[in-house]
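Enquirer: If you read the protein sequences in the order shown, they are chains A and B. Under our numbering, the first residue of the first sequence is numbered -11, with each subsequent residue one higher. Under our numbering, the first residue of the second sequence is numbered 10, with each subsequent residue one higher. Ideal Cβ positions, reconstructed from N, Cα and C, are used throughout, including at glycine. After the structure tokens below, expect a handful of questions from me.
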Amino acid sequence: MTVVACTFGAPAASGETEELLTVARKLSASRETALRWLVAGPAPRPQLEELATAYGITTIDHIDDPELEAVAPDASVEALAQYCASRPPATLLLSQTFDTRLVAPRLAGRLNATVMMNALDLEVAGDALLVTASAYGGDTRAVYELPGDRPHVIAIMPNATTPEPPPDAAAGAAPVIEDVAVDLSAVEERIRLVERNAEEGPRLEDAQIIVSGGRGLGSAGNFALVEELAEALGGLAAASRPIVDDGWADSARQIGLTGKIARPALYIAAGISGASQHMAGCAAAKTIVAINSDPDAPIFRYARYGVVGDCVELLGELTRALR
Amino acid sequence: MRIVVCAKEVLDPDAVNTYAVAGRLEIGEDGRSITQAAIPRLMNAYDEQAIEAALRIRDAGVDCTIHVVSAGADQADVLKQGAAMGADEIASITVDASSLDHHGAARLLATYVEHVGGADLVLCGRQASDDDQGVVPALMGEALDMPVVTIARAVEVTSGAVRVTRVTPDAEEIVEADLPAIVTISNELGQPRYPTTAGRIAARRKQATALSPEDLGLSSDDLQPRAVLTKQFVPSVQGNCEFLTGETPAQLAASLIERLRADQVLP
Ligand SMILES: Cc1cc2nc3c(=O)[nH]c(=O)nc-3n(C[C@H](O)[C@H](O)[C@H](O)COP(=O)(O)OP(=O)(O)OC[C@H]3O[C@@H](n4cnc5c(N)ncnc54)[C@H](O)[C@@H]3O)c2cc1C
Ligand SMILES: Nc1ncnc2c1ncn2[C@@H]1O[C@H](COP(=O)(O)O)[C@@H](O)[C@H]1O
């Protein structure tokens, strides 16, 4: 019974694949079972080989099916279900994304497997698996015991693991890539795309510098101060959920549990209290700067530098000083 | 047509956050449940918005019956709120919430849908704010063989299909699926309506249908948890914040920029 790390298409630049492979390798080592990396959809093989070599993975199963080129939940679930029928894994791990939030539980339903999302840590306990998952938006950690009598489908939280290639792996042999064929001819996607307005420009997930505003900005118009400082720093503007809900900022800007999960080098939070659900989207930032008028605001627990004061004034001053 | 809305009762996440931040969140003797009596129980906010989505479909002129169903130990308040907002039918499935996992909840709710003769549309919240799993709707989708459209900000029913506007990580899109279908609702839907006095009075008279797993033909074996919560704790946050000082905002700004440059965070 193997551990399978499953990714879709070309490995993302944001490092989720490296994190996933790290978790998967540790699990297979403590279980003393085989590890396979399943890649669903077309992906450049040299890139797969390079990553596999670095992470000590000897077998890649590749479903190089053009049907899986674009995100297609029905085809993805069917392809993975066929794969699992032919090579039953004990545990199938995925990175948690917008798409796997649907694909993982549906696959589990299809396989009659146990599903667990928001996983931060895995530990082997005899036949069972202990999964530490984030709950209450990050306020608590819940540890679930998953008995070993059925397969597990587990989604790993992005940004929670430090990618760790095994020290000796780079010298290892090139991985074997096995082509896995699936038959998707009977699949008809039940969700049809009617209209799509792709978001233009750089993504918050990839940004090195983010300036983010919250309810402490006081008014919709003051979000412009966040945008101006972001521009002066060559970064992106972002927002907490309440000001998205109130229409001060576009919903694509939302950081947090139910928004974007970012890992910038610098995150400047202006007028944001630091609720766990917000921090779920930015706590992995290397340096957090908090500007808040309340010295007891929780955000200061996460911050490297804190400024107690009016964020409206400070945002303006920072922009002026940088220009 | 029949719309079934699934609504879960949760501990108020804001109160949990407040206690957790203050380092005063109490975990009970079992080591896994939050026992603080001072934390109110509420309807999961996304589920309130799911009821709102159903009511907006009715307001748009679609002829429909709206059911609100909740599985747990004591769902009276959640159901009363659903009725006060405007649900036609309310139903509770009484189970010991502490031994109910997501697979069990999905099984109960999917069986309820079959029990009432099927649904054209099932509306859920995108996730429950206690466990944040967001898996019950997808598990129901597999059990009922219905498509699942996630994270809706607007839902419209047209002849035989549901049209959903939603925000994905890289786009805003409109998608469509034939009915029957399951849709999960996100906060972008907007504020749920506040029950009117008339709605509240009518709700007081509305009887909830009380169901047990046995009434739905399910045994305790069927509901045997596959993921058992064994422990819950508050993660520690290591604070090392350096507070900057200055007489004026300009001085504070200058001192912050200086620090960030010294750390090579800024060029
Ligand atoms: C299931 C669930 C999911 C959620 N998902 C998200 C999510 O993805 N993202 C998210 O952000 N939130 C999310 N939330 C909401 C979250 O719990 C908080 O309510 C939210 O993050 C608070 O936003 P805020 O910090 O802007 O507002 P508040 O909490 O109101 O904080 C405003 C802060 O501004 C400070 N302030 C006031 N005036 C000034 C001033 N002039 N200058 C400086 N500071 C000032 C105040 O001291 C306060 O700390 C979620 C909640 C739930 C239950
Ligand atoms: N016990 C329950 N009773 C009614 N609905 C539920 C229950 N558990 C989950 N749901 C529904 O499923 C959604 C997702 O829940 P979860 O998968 O637990 O995050 C919720 O927003 C509800 O709509």
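1) Is there contact between the region 28 to 44 of chain A and the region 223 to 243 of chain A, where contact requires at least three CB pairs shorter than 8 Å?
2) Roughly how far, in whole angstroms, is the beta-carbon of A:A121 from the beta-carbon of A:A107, given that I think they are within contact range, below 8 Å?
3) Does B:V176 come within less than 9 Å of chain A when only Cβ atoms are used?
4) Give a yes or no on whether 9 Å exceeds the smallest Cβ distance from B:E61 to chain A.
5) Buried or exposed for A:F(-4), going by 16 or more other Cβ atoms inside 10 Å?
6) For the beta strand (DSSP E) containing B:S195, list its first residue and its last residue.
7) Measure how close the beta-carbons of B:S138 and B:A54 come, nearest whole angstrom, since I'm counting them as under 8 Å.
8) According to DSSP, what are the bridge partners of A:W236?
9) Contact between the region 55 to 67 of chain B and the region 195 to 208 of chain B: three or more CB pairs below 8 Å?
10) At a Cβ threshold of 9 Å, is A:D298 touching chain B?
11) Helix or strand or just coil, what does DSSP make of B:E98?
12) Of the choices A:I48, A:G44, A:N210 and A:K248, whose alpha-carbon is the least far from that of A:R24?
13) For ligand 1, I want to know if A:L245 counts as a neighbour, meaning its beta carbon is within less than 8 Å of at least one of the ligand's heavy atoms.
14) Based on DSSP bridge pairs, tell me the residues matched to A:D109.
15) Pull up the distance between the alpha-carbon of A:D62 and that of B:L51, whole angstroms please.
16) Anything in chain A within Cβ reach of B:S138, meaning under 8 Å, just list it in chain order.
17) Name the residues in the region 82 to 110 of chain A whose C-beta lies less than 8 Å from a C-beta of chain B; which are they?
18) On the CB-based measure, 16 or more other CB atoms within 10 Å of its CB, does A:M(-11) come out buried or exposed?
19) My output table needs one value for A:C(-6): the three-state DSSP class, helix, strand or coil.
20) Does B:P49 come within less than 9 Å of chain A when only Cβ atoms are used?
21) Any C-beta of chain A sitting closer than 9 Å to the C-beta of B:I66?
22) Should B:A186 be counted as a contact of ligand 2 given a C-beta to heavy atom distance under 8 Å?
23) Among A:G97, A:V182 and A:G247, which residue has its Cα nearest to the Cα of B:L153?
24) Name the residue from B:D141, B:V171, B:A236 and B:E197 whose alpha carbon lies nearest to the alpha carbon of B:M155.
25) Would you say B:S229 reaches chain E, if we count a Cβ-Cβ gap shorter than 9 Å as a contact?
26) From which residue to which residue does the beta strand (DSSP E) around B:M133 run?
27) I believe A:N210 touches A:V300 by the beta-carbon criterion, under 8 Å. Please report the beta-carbon distance rounded to the nearest angstrom.
28) Identify the contact partners of B:E321 in chain A, using a Cβ-Cβ distance below 9 Å as the criterion.
29) Measuring alpha carbon to alpha carbon, tell me which residue in B:K89, B:M149 and B:G37 is nearest B:R213.
30) Does the distance from the C-beta atom of B:S79 to that of B:C15 stay below 9 Å?
31) Measuring straight from C-alpha to C-alpha, what distance separates A:S18 and A:P135?
32) Can you tell me whether A:F288 is helix, strand or coil according to DSSP?
33) Considering only their Cβ atoms, is the gap separating A:I198 from A:A218 smaller than 9 Å?
34) Could one say the Cβ of A:E38 lies closer than 9 Å to chain B's Cβ atoms, at least one of them?
35) Please name the residue in A:H50, A:L80, A:E305 and A:D115 whose C-alpha comes closest to that of A:L216.
36) Whose Cβ in chain B lies nearer than 8 Å to the Cβ of A:R191?
Expert: The structure says:
1) No: fewer than three Cβ pairs fall under 8 Å.
2) On the first sequence, position 133 is the one that residue 121 of chain A refers to. On the first sequence, position 119 is the one that residue 107 of chain A refers to. With 8 Å as the limit, A:A121 and A:A107 qualify as a contact, their Cβ atoms being about 5 Å apart.
3) Walking along the second sequence from the start, residue 176 of chain B turns up at place 167. Interface residue, yes.
4) Working through the second sequence from its first residue, we reach residue 61 of chain B at position 52. False, the Cβ-Cβ gap to chain A never drops below 9 Å.
5) Residue -4 of chain A sits at position 8 when you count from the first residue of the first sequence. With 16 or more Cβ atoms within 10 Å of its Cβ, A:F(-4) is classed as buried.
6) Here residue 195 of chain B refers to the residue found at position 186 of the second sequence. B:S195 -> no beta strand (DSSP E), and no H or E assigned at all.
7) Along the second sequence, read from residue 1 onward, the residue named residue 138 of chain B stands at position 129. Along the second sequence, read from residue 1 onward, the residue named residue 54 of chain B stands at position 45. Taking C-beta atoms under 8 Å as the contact rule, B:S138 and B:A54 qualify, at a distance of about 6 Å.
8) Start at 1 with the first residue of the first sequence, and residue 236 of chain A comes out as number 248. Residue pairing of A:W236 in beta bridges, as defined by DSSP: absent, with no partner found.
9) With the cut-off at 8 Å, the region 55 to 67 of chain B and the region 195 to 208 of chain B touch.
10) Against the first sequence, residue 298 of chain A aligns to sequence position 310. At least one chain B Cβ lies under 9 Å of A:D298.
11) Sequence index remark: in the second sequence, residue 98 of chain B carries index 89 (1-based). Strand.
12) On the first sequence, position 36 is the one that residue 24 of chain A refers to. The residue with the shortest Cα to Cα distance from A:R24 is A:I48.
13) As a first step, residue 245 of chain A is located in the first sequence; it is residue number 257 there, counting from the start. Short note on A:L245: C-beta closer than 8 Å to some heavy atom of ligand 1.
14) Position 121 of the first sequence, counted from the start, is the residue given in the question as residue 109 of chain A. Here A:D109 is bridged, per DSSP, to A:T120.
15) As a first step, residue 62 of chain A is located in the first sequence; it is residue number 74 there, counting from the start. As a first step, residue 51 of chain B is located in the second sequence; it is residue number 42 there, counting from the start. So the two alpha carbons sit approximately 34 Å from each other.
16) Within the second sequence, residue 138 of chain B is the residue found at index 129, counting from 1. Those within 8 Å of B:S138 in chain A are Y124 and G125.
17) If the cut-off is 8 Å between Cβ atoms, the region 82 to 110 of chain A has T85, F86, R89, L90, A92, P93, R94, A96, G97, R98, T102, V103, M104, M105 and N106 near chain B.
18) Here residue -11 of chain A refers to the residue found at position 1 of the first sequence. In summary, A:M(-11) is exposed, with fewer than 16 beta-carbon neighbours lying within 10 Å of its beta-carbon over all protein chains present.
19) Position 6 of the first sequence, counting from 1, holds the residue named residue -6 of chain A. Strand, per DSSP.
20) Here residue 49 of chain B is taken as the residue at index 40 of the second sequence, counted from 1. No, B:P49 does not count as interfacial toward chain A.
21) The residue given as residue 66 of chain B occupies position 57 in the second sequence. Chain A places no beta carbon closer than 9 Å to that of B:I66, leaving this residue out of the contacts.
22) The residue you call residue 186 of chain B lines up with position 177 of the second sequence. Not under cutoff, so the answer is no.
23) In the second sequence, the residue the question calls residue 153 of chain B occupies position 144. For B:L153, the closest alpha carbon among the candidates A:G97, A:V182 and A:G247 is that of A:G97.
24) To locate residue 155 of chain B, count along the second sequence from 1; it is residue 146. Measuring from the Cα of B:M155, the nearest candidate turns out to be B:V171.
25) The displayed structure is made up of protein chains A and B, and chain E is not among them.
26) Residue mapping note: residue 133 of chain B aligns to position 124 of the second sequence, counting from 1. Met is not the amino acid found at residue 133 of chain B; the sequence shown has Cys there. Where B:C133 is concerned, the enclosing beta strand (DSSP E) stretches over L130 to G134.
27) By one-based count along the first sequence, residue 210 of chain A stands at place 222. By one-based count along the first sequence, residue 300 of chain A stands at place 312. Going by Cβ atoms, the distance from A:N210 to A:V300 rounds to 6 Å, so yes, they are a contact pair.
28) An answer regarding residue 321 of chain B cannot be provided, because it is not within the stretch 10 to 276 covered by chain B.
29) Mapped onto the second sequence, residue 213 of chain B falls at position 204. Out of B:K89, B:M149 and B:G37, B:K89 has the C-alpha closest to the C-alpha of B:R213.
30) Locating residue 79 of chain B in the second sequence gives position 70, where the first residue counts as 1. Locating residue 15 of chain B in the second sequence gives position 6, where the first residue counts as 1. Result yes, Cβ atoms of B:S79 and B:C15 sit closer than 9 Å.
31) Taking the first sequence and counting its residues from 1, the one referred to as residue 18 of chain A is at position 30. Taking the first sequence and counting its residues from 1, the one referred to as residue 135 of chain A is at position 147. Answer to the nearest angstrom: the Cα atoms are 16 Å apart.
32) The residue you call residue 288 of chain A lines up with position 300 of the first sequence. Secondary structure at A:F288: helix, using DSSP grouped into helix, strand and coil.
33) Your numbering for residue 218 of chain A matches position 230 in the first sequence. Your numbering for residue 198 of chain A matches position 210 in the first sequence. It is a contact, given that the beta carbons lie within the stated cut-off.
34) Here residue 38 of chain A is taken as the residue at index 50 of the first sequence, counted from 1. Chain B, which has no Cβ nearer than 9 Å to the Cβ of A:E38, makes this no.
35) Against the first sequence, residue 216 of chain A aligns to sequence position 228. For the record, residue 216 of chain A in the displayed sequence is Glu; it is not Leu. Ranking A:H50, A:L80, A:E305 and A:D115 by Cα distance to A:E216 puts A:E305 first.
36) Here the question's residue 191 of chain A lines up with position 203 in the first sequence. Ordered by position in chain B, the residues that pass the 8 Å Cβ test against A:R191 are P178 and D179.
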